[in-house]
Amino acid sequence: MSECPKTLSNPLALFGLEGFLEWLYMLSDAQITKFQTLYKEQFGKEISRKEALEKGIKLMRLVELVYKPITQEEYEAVQRDRQETPQKDSKKFKDNKII
Numbered sequence: 001m002s003e004c005p006k007t008l009s010n011p012l013a014l015f016g017l018e019g020f021l022e023w024l025y026m027l028s029d030a031q032i033t034k035f036q037t038l039y040k041e042q043f044g045k046e047i048s049r050k051e052a053l054e055k056g057i058k059l060m061r062l063v064e065l066v067y068k069p070i071t072q073e074e075y076e077a078v079q080r081d082r083q084e085t086p087q088k089d090s091k092k093f094k095d096n097k098i099i
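Last residue of the sequence shown: number 99 in full-length UniProt numbering, and the count goes up by one each step with no gaps.
So, in structure tokens, the structure goes:
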């Protein structure tokens, strides 16, 4: 039985880390450039393409871990709970405590 060539058995060797992560999350050059622009607008700092790719992938991974689609019924239940729960700026709060 013959072995797979090294590049096929190890995608990092084929793409390099940056290329592999870009392929894994399928970020286009335009998306990376847009992330760089948004980052500069938000934080006033320019970042390299590599740093934008790394931060973009981390952001995508965070959303992937945190985001959970909900049904319309679940959404309506959340909205009812929000309406029934007093907000901190309402008169039902005093010194950050519910009264």
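Every residue, glycine too, gets a C-beta built ideally from N, C-alpha and C. Remember, it's a predicted structure, so these values are computed and weren't measured experimentally.
Have a look at the options and flag the residue whose alpha-carbon is nearest the alpha-carbon of residue i.
i, options, result
"L59", "D29, F35, A30", "F35"
"E54", "K45, K40, E64, I32", "I32"
With H, G and I counted as helix, E and B as strand and the rest as coil, what does DSSP make of residue i?
i, result
"G56", "helix"
"K40", "helix"
"A77", "helix"
"L27", "coil"
"I32", "helix"
"K50", "helix"
Within 10 angstroms of its Cβ, does residue i collect 16 or more other Cβ (buried), or is it exposed?
i, result
"A52", "buried"
Tell me which residues share the same chain as residue i and place their Cβ nearer than 8 Å to its Cβ, disregarding the 5 neighbours each side in the sequence.
i, result
"K56", "In the sequence as displayed, the identity of residue 56 is Gly instead of Lys. Here the set comprises Y25, L27, Q31, I32, F35."
"residue 145", "This structure does not reach residue 145, given that the chain is present from 1 up to 99, and the question cannot be answered."
Ignore the nearest five residues each way along the sequence and tell me which others in residue i's own chain have a CB closer than 6 Å to its CB.
i, result
"Q79", "none"
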